[in-house]
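The structure appears right after this line, and notes come after that.
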Amino acid sequence: MEEELSPEGGSIDPELFQAVLGDMVTEDRIVFLEDEKLTSSFLYTAEKRIYTAVSSRGRQFSEPVLDDIEDYVDRKQGEMGIVLSDEQREAIRIVNRGPKVFLLCGYAGTGKSTVSRALLDLLSIRYPKEKIMCCAISGIASDRIRKLTGYRAQTIYSLVFKHQEKIPYDVLLVDESSMVNTELLFRLITRLADSAILIMVGDAAQLPPIGAGNPFSDIIEKQMAPAVTLTRIYRQSEDKVIALFANDIREARVPERYTADYGDFRFLDVSIPNYFGLKQRVKSKAMKEGDLKKLREENAQKIVEVLCETAATYKGLLAETYKNRDYAGYLNALQVITHMKSGPLGTEQLNVALQHLLNEASARPERCVTLGRTTLVLRDKVVHVQNMNIDCIRPADYNLPDRDDHYYIDRIYNGMLGIVIAVNRQDETLHVYYPADKTIAAYSFDEARELLKLAYALTIHKTQGSEFRTVLIPMTLSHFIMLNNKLLYTAVTRAKEKVVLVGEDYAFRSACRKKDVTVRDTVLKMLPMPV
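Just so we're aligned: the sequence shown equals residues 530 to 1060 in the working numbering.
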């Protein structure tokens, strides 16, 4: 009998493994599913509850909001100055019929936000505006949906944290729903009033949620509730191609003429000449592998240089937004998004380079503090990396003489982006302003060491649900394991105004063509289609 090895290199005792597994089953900590699959009891219960709640709500309809919905659609087109697609019109018709759950899926540039606003305006005819709430995973995303629809918004985390029993809204629109994992949707849907309407809006082509499950896609696939998928792409002008190119990438195609100069898309080619010819030379022993490796390393440094040169052109914009106290604009003006954490083009090294390049305060030691491997500086862009209760204060109270009397405990969530606004070396504290969430958090140096990272460069996963004016993306075959169309599609669609890709032409083409075929096994997938 062959000995089975653990990931650490040691052997696994089959009898001990079976005994531990048996204890977990006895204690109801895990549940066996079909095909010898298993899951945690919590996830099993949560997905069964989601299935029951969504399927039940999906079959419940109230009276239509309006008798003549076509007249409403025609008037709404005139008010918004647009022509709604047949898919968008159908979404409005379905919501008018009064379902308790509705899902709107749309790819990049298909007008999800436009139709979301029309849906909420329709429901506001029946429900008071103060009883309508939007929410999203991140503060940036919730702030964006607030601006686009005109309705109040907050993060999903804040919503479920503040309302432990029942969420007091008649209509709840969840934006970026493809980012909502099983646990979060379970906590959200179990707090909804029975009479409340849930609208889920998302893009199933993006990365699945961080955390277990893929409920938005599963609910659509299982037809648990009425849903519409938007496919028509709205192009603002011939010079705007982000949406078109993003959808080419989604379908695993290399966009045509992607090296041309567009108003919202640029590819800065920093390739190794005749790269594949050189690989053949290595294969035929005409060139040493070490020589090609050195070329790759040198090219990675060239990509860093070109990326930093491009980022430097935004220093004036960043300085202006900061000077004008447009802190949200400061955070959203420019974002480097990369596939990996390590290596010369990973977040760790890029953040150090970008900090020195973009934050002039980094040259002043009195405004810096080194915490472990990270040095944080006044005006630094940072990301909070764990859900944690932190001492917070409202911006309006921050400069009061009795500031210490105004602190309160609030939840700061993984992925929140902020700005370091104070570094107090004497008290060993620093303060971070989170403009999307309108709060200032006070960290001890020990807390900051564990909870804060530089955010000039972020991984694609870390930017899910966020949007930035300009996005810079390094492309290199060094990130080959992470080069696929779903990751690249997600990165490109984080850009609101412009995306600039810097790097190897062949890495970009490879990422476009490599279709992500990863499928998550979930309880929802295994459950039958609702009758």
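Using N, Cα and C, we set each Cβ at its ideal position, and we do this for glycine too. What you are looking at is a predicted structure, and each value in this text was computed from that prediction instead of being measured.
So, using beta-carbon positions, are residue i and residue j closer together than 9 angstroms?
i: residue 980; j: residue 905; result: no
i: residue 672; j: residue 857; result: yes
i: residue 708; j: residue 739; result: yes
i: residue 714; j: residue 742; result: yes
i: residue 598; j: residue 578; result: no
i: residue 736; j: residue 717; result: no
i: residue 1045; j: residue 983; result: no
i: residue 869; j: residue 1007; result: yes
i: residue 968; j: residue 921; result: yes
i: residue 635; j: residue 753; result: no
i: residue 1002; j: residue 1031; result: yes
i: residue 759; j: residue 649; result: no
i: residue 608; j: residue 801; result: no
i: residue 787; j: residue 879; result: no
i: residue 791; j: residue 777; result: no
i: residue 1028; j: residue 1047; result: no
From this set, the options, which residue's C-alpha is nearest residue i's C-alpha?
i: residue 1025; options: 1046, 995, 1014 and 1005; result: 995
i: residue 988; options: 591, 589 and 914; result: 914
i: residue 641; options: 749, 681, 762 and 930; result: 762
i: residue 859; options: 705, 637, 867 and 849; result: 849
i: residue 783; options: 1037, 1048 and 840; result: 1037
i: residue 724; options: 583, 572, 1021 and 999; result: 583
i: residue 757; options: 1040, 746 and 619; result: 619
i: residue 668; options: 636, 630, 694 and 705; result: 705
i: residue 733; options: 750, 719 and 720; result: 750
i: residue 871; options: 1057, 760 and 829; result: 829
i: residue 890; options: 844, 817, 1029 and 875; result: 844
i: residue 974; options: 956, 993 and 947; result: 956
i: residue 977; options: 902, 663 and 666; result: 902
i: residue 712; options: 574, 875 and 659; result: 574
i: residue 947; options: 970, 774, 1035 and 885; result: 970
Which of the three DSSP states is assigned to residue i in this structure?
i: residue 1043; result: coil
i: residue 860; result: helix
i: residue 1050; result: coil
i: residue 876; result: helix
i: residue 800; result: coil
i: residue 644; result: helix
i: residue 713; result: helix
i: residue 662; result: strand
i: residue 762; result: coil
i: residue 533; result: At residue 533, the pLDDT of 43 sits below 50, so the modelled position is not reliable; the number obtained from the coordinates is stated separately. Of the three classes helix, strand and coil, the one that applies to residue 533 here is coil, per DSSP.
i: residue 971; result: strand
Buried or exposed for residue i, please, with buried defined as at least 16 other CB atoms from any protein chain shown within 10 angstroms of its CB.
i: residue 838; result: exposed
i: residue 568; result: buried
i: residue 1004; result: buried
i: residue 610; result: exposed
i: residue 745; result: buried
i: residue 892; result: exposed
i: residue 937; result: exposed
i: residue 832; result: buried
i: residue 939; result: buried
i: residue 960; result: buried
i: residue 537; result: Per-residue confidence for residue 537 stands at a pLDDT of 49, beneath the threshold of 50, marking its modelled position as unreliable; no derived number is given.
i: residue 1058; result: exposed
i: residue 654; result: exposed
i: residue 615; result: exposed
i: residue 600; result: exposed
i: residue 617; result: buried
Since I believe residue j is in contact with residue i (beta carbons under 8 angstroms), could you give me their beta-carbon distance rounded to a whole number of angstroms?
i: residue 795; j: residue 1018; result: That belief does not hold up - the Cβ atoms of residue 795 and residue 1018 are roughly 18 angstroms apart, past 8 angstroms.
i: residue 950; j: residue 919; result: So it is not a contact: roughly 15 angstroms between Cβ atoms.
i: residue 720; j: residue 677; result: Between residue 677 and residue 720 the Cβ distance is about 25 angstroms, and since that is not below 8 angstroms, they are no contact.
i: residue 898; j: residue 952; result: 6 angstroms
i: residue 682; j: residue 664; result: 6 angstroms
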